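J.: Numbering (our numbering), first residue to last: 2 to 357.
Got a structure for you, written out below as structure tokens; questions coming shortly.
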């Protein structure tokens, strides 16, 4: 069976059985950058980075054991900047011993040769690094005049070590013109790439970053860039609606954990389900009343969306609906715009599952 089919099947099984397959773990809110679009209020100075004491190395190891027992297979270490945790290599080594597949989301700052060697020995699946285009655009977005050089140099060193690198580019008015440049950089150095046209409001409700979103005209142009292969990505994600009536994997097969031990359905839905300093992951995952209710919701419960002609083309995110429009079950303005454009560019299709 091809890898993408195995991935889709694993996703389907984990959704049906509520297996916490994928966990995104925020190790710290410390970050050397102040990106204009960041959804974390800590990096923008609106909340203290150390509002509470971060989980210790032993805390995280205990959590990793619990996650493995619960059926988790894929771990993402993120932040803030996870490289600022002095125990990152130790945590990666421990995760590898538990047979997790580990990814790291990073700026590449503070990546020493010694740390890189240790991470390579841990068989890291990939490094994913935010990259915003040409030097001037990148540095303006991050608020750091040295960030372009440091991130790109780190990416090249990581790739040279044998670890896969993906440059992830949130698209904004500031860097939309640099899409081809970003793809050319990735082709030159052997990186993978991805683009995200949605800038999400911050977790504290601040929406000032929405002004950086690309325009509708620019959004429409994305569907005309053949290298992005949007139609094939959507076909690969299709699944029969009658076989799986769901609208989000949050709290079903994915979850997030913040630096203080709070468990979330996903990092885009900042609703605490419980704290791992007080309860085990298994208790939270299986006994949360919020999750029990959430898992019973179906597409038909999306009262504002269920009869929409663009539903089959929609990648609506309930977390985005919550932070932008205040309603998990409501419509999402940006998702509506994208669904209409997708509908106009590609034939209608059935509801889809996003593969790993």
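Backbone N, C-alpha and C fix where the C-beta goes; we use that ideal spot for every residue, glycine too.
Owing to the predicted nature of the structure, the values given are computational and were not obtained by experimental measurement.
If you count every other CB in all the chains shown that lies within 10 Å of the CB of residue 57, and 16 or more means buried, which is it?
T.: Here residue 57 is taken as the residue at index 56 of the chain shown, counted from 1. That one is exposed.
J.: Kindly identify the DSSP beta-bridge partner or partners of residue 77.
T.: Walking along the chain shown from the start, residue 77 turns up at place 76. When beta bridges are read from the DSSP output, residue 77 appears opposite 25, 104.
J.: Using the Cα positions of residue 81 and residue 318, report the straight-line distance between them to the nearest angstrom.
T.: Translated into the one-based positions of the chain shown, residue 81 becomes position 80. Translated into the one-based positions of the chain shown, residue 318 becomes position 317. Rounded to whole angstroms, residue 81 to residue 318 spans 22 Å at the Cα level.
J.: Which residue from 182, 286, 299, 181 puts its Cα closest to that of residue 71?
T.: Along the chain shown, one-based indexing puts residue 71 at 70. The shortest C-alpha separation from residue 71 is found at 286.
J.: List in chain order: all unbroken beta strand (DSSP E) runs of 3+ residues lying wholly within the stretch 131-179.
T.: 165-171
J.: On the CB-based measure, 16 or more other CB atoms within 10 Å of its CB, does residue 270 come out buried or exposed?
T.: Here residue 270 is taken as the residue at index 269 of the chain shown, counted from 1. So residue 270 counts as buried.
J.: Could you say which of 112, 67, 16, 37 lies nearest to residue 258 if we only look at CA atoms?
T.: Along the chain shown, one-based indexing puts residue 258 at 257. Closest by alpha carbon: 67.
J.: Roughly how many whole angstroms lie between the Cα atoms of residue 267 and residue 249?
T.: What you label residue 267 is simply residue 266 of the chain shown in a count that begins at 1. What you label residue 249 is simply residue 248 of the chain shown in a count that begins at 1. About 10 Å.
J.: For residue 275, which three-state DSSP category applies?
T.: Mapped onto the chain shown, residue 275 falls at position 274. Three-state result, residue 275: strand.
J.: Can you tell me which of the three DSSP states residue 280 falls into?
T.: Position 279 of the chain shown, counted from the start, is the residue given in the question as residue 280. Residue state, collapsed to three classes: coil.
J.: Closer than 8 Å by C-beta to residue 104: which residues in its own chain qualify, once you throw out the five before and the five after it? Chain order, please.
T.: Within the chain shown, the letter at position 103 stands for residue 104. Within the same chain, residue 104 has close Cβ partners 75, 76, 77, 78, 125, 126, 127, 128, 129.
J.: Around the C-beta of residue 49, are 16 or more other C-beta atoms found within 10 angstroms, so that it is buried, or is it exposed?
T.: Your numbering for residue 49 matches position 48 in the chain shown. With fewer than 16 other Cβ atoms within 10 Å, it is exposed.
J.: Given residue 111, which residues of its chain have a CB within under 7 Å of its CB, disregarding the five upstream and five downstream residues?
T.: What you label residue 111 is simply residue 110 of the chain shown in a count that begins at 1. Cβ within range, chain order: 84, 85.
J.: When you compare only the Cα positions, how much space is there between residue 339 and residue 314?
T.: Walking along the chain shown from the start, residue 339 turns up at place 338. Walking along the chain shown from the start, residue 314 turns up at place 313. When rounded, the distance between both Cα atoms is 8 Å.
J.: Taking the alpha carbon of residue 310 as the point to measure from, which residue in 345, 6, 290 has its own alpha carbon closest?
T.: Here residue 310 refers to the residue found at position 309 of the chain shown. Comparing Cα positions, the closest option is 345.
J.: Specify whether the stretch 211-218 and the stretch 154-173 touch according to this definition: at least 3 beta carbon pairs, one from each stretch, less than 8 Å apart.
T.: Result yes; three or more Cβ-Cβ pairs closer than 8 Å.
J.: From what residue to what residue does the alpha helix (DSSP H) around residue 324 run?
T.: Here residue 324 corresponds to residue number 323 of the chain shown, with the count starting at 1. Unbroken alpha helix (DSSP H) run through residue 324: 319-326.
J.: Closest to residue 61 by C-alpha separation, out of 295, 260, 298, would be which residue?
T.: Locating residue 61 in the chain shown gives position 60, counting from the first residue. Measuring from the Cα of residue 61, the nearest candidate turns out to be 260.
J.: Indicate the three-state DSSP secondary structure (helix, strand or coil) for residue 114 in the structure shown.
T.: Numbered from 1 along the chain shown, position 113 holds the residue referred to as residue 114. Helix at residue 114.
J.: Do the stretch 133-149 and the stretch 84-103 meet, that is, are 3 or more Cβ pairs less than 8 Å apart?
T.: Because the criterion of three Cβ pairs below 8 Å is not met, the stretch 133-149 and the stretch 84-103 do not touch.
J.: Give me the Cβ distance between residue 123 and residue 93, rounded to the nearest whole Å; I'm assuming they're in contact under 8 Å.
T.: Against the chain shown, residue 123 aligns to sequence position 122. Against the chain shown, residue 93 aligns to sequence position 92. Residue 123 to residue 93, Cβ: 4 Å. Contact.
J.: Assess contact between the stretch 324-342 and the stretch 298-310, defined as three or more Cβ pairs (one per stretch) separated by less than 8 Å. Is contact present?
T.: Segments in contact, yes.
J.: Residue 21 and residue 256: beta carbons closer than 7 Å?
T.: Here residue 21 is taken as the residue at index 20 of the chain shown, counted from 1. Here residue 256 is taken as the residue at index 255 of the chain shown, counted from 1. Yes, they are a contact pair.
J.: In whole angstroms, what is the alpha-carbon distance linking residue 368 and residue 193?
T.: For the chain, the structure presents residues 2 to 357; residue 368 sits outside this window and is missing.
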